[in-house]
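K.L.:
Per the numbering used here, the very first residue in the sequence shown carries number 369; after that it's consecutive.
Sharing a structure, written as structure tokens. Questions coming.
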Amino acid sequence: FMMVEENCTTEEFVRKMNAVKIFDETKRPGLVKLFRDAADYPLIMVNDMELGYPASKLPKIPLSTLAAANNPEYVRMFAAALAKEAKAAGFSGCWGPNIDTPTENRPCTFARVAGDSPEAALEVTREIFKTFHSYRFHATAKHFPNDKGMPFDTHMVAPHSTMTKEELLEKC
369 FMMVEENCTT EEFVRKMNAV KIFDETKRPG LVKLFRDAAD YPLIMVNDME
419 LGYPASKLPK IPLSTLAAAN NPEYVRMFAA ALAKEAKAAG FSGCWGPNID
469 TPTENRPCTF ARVAGDSPEA ALEVTREIFK TFHSYRFHAT AKHFPNDKGM
519 PFDTHMVAPH STMTKEELLE KC
């Protein structure tokens with residue numbers, strides 16, 4: 369995150385960054401257009417879109433629901449709708465999908481997981497990535513299986529673990 373001088377113009381502000389995440393849902397459409405118009409370079413616009421494009425009128429679908437349906441076509445339809453809507457709104461990609469597994473009693477993550485094993489999660493998320501790729505929509509896998517051992521925010525830096533291979537295998 370970056371602080372910019374108060375008297376900075378929008379163009380000056382945009383030129384000082386290379387990626388944007390807009391937290392305020394109510395201001396998103398106007399800010400996306402403002403930043404895109406002000407940038408004189410390809411600006412990366414991303415957001416969390418775990419349940420679909422946030423401003424969509426389509427139902428929000430938890431990843432665990434898609435996985436439980438065990439139907440790759442449903443996964444592709446979800447990913448295609450998300451990519452089309454987000455791109456139409458000016459986004460170039462998203463933070464997601466989650467590839468975590470419910471390895472601990474963390475109820476808040478259950479709706480966000482794509483399977484109960486890394487292999488099951490990979491089946492679902494592979495379809496999402498392939499579909500996003502076909503729409504030229506960028507994605508970032510996040511919340512790797514048992515990423516609780518990572519001492520940083522995996523939205524901001526490439527995920528890696530400080531645990532040994534043995535420790536990682538033991539936790540999975």
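Cβ atoms here follow ideal geometry from the backbone N, Cα and C, with glycine treated the same way.
Small disclaimer: the values here were computed from a predicted structure and weren't measured.
Which of helix, strand or coil does DSSP assign to T508?
P.N.:
strand
K.L.:
What are the start and end residues of the beta strand (DSSP E) that includes P551?
P.N.:
Any question about residue 551 goes unanswered here, given that the chain covers just 369 to 540.
K.L.:
In or out: T530 buried (at least 16 other Cβ within 10 Å) or exposed?
P.N.:
exposed
K.L.:
Assuming P486 is part of the alpha helix (DSSP H), what are its boundary residues?
P.N.:
486-502
K.L.:
Taking only the alpha-carbon atoms, compute the straight-line gap between F459 and L490 and give it to the nearest angstrom.
P.N.:
25 Å
K.L.:
Taking DSSP as the reference, what is the three-state secondary structure of K408?
P.N.:
The sequence given here has Asp at residue 408, not Lys. Reduced to three states, the DSSP call for D408 is coil.
K.L.:
For a quick check, are the C-beta atoms of A447 and T508 less than 8 Å apart?
P.N.:
For the 8 Å CB-CB criterion, A447 and T508 do not form a contact.
K.L.:
Would you kindly check if the distance between the Cβ of A451 and the Cβ of Y503 is under 8 Å?
P.N.:
The answer is yes: Cβ separation under 8 Å.
K.L.:
How many angstroms separate the CA atom of F369 from the CA atom of F403?
P.N.:
With a pLDDT of 38 at F369, under the threshold of 50, the predicted position of this residue should be treated as unreliable, and no value is reported.
K.L.:
Can V400 and M417 be called in contact, C-beta distance under 8 Å?
P.N.:
no
K.L.:
If I follow the unbroken alpha helix (DSSP H) through P440, where does it start and stop?
P.N.:
440-456
K.L.:
Where does G420 sit, in a helix, a strand or coil, going by DSSP?
P.N.:
strand
K.L.:
Buried or exposed, going by whether 16 or more other CB atoms sit within 10 Å of the CB of E535?
P.N.:
exposed
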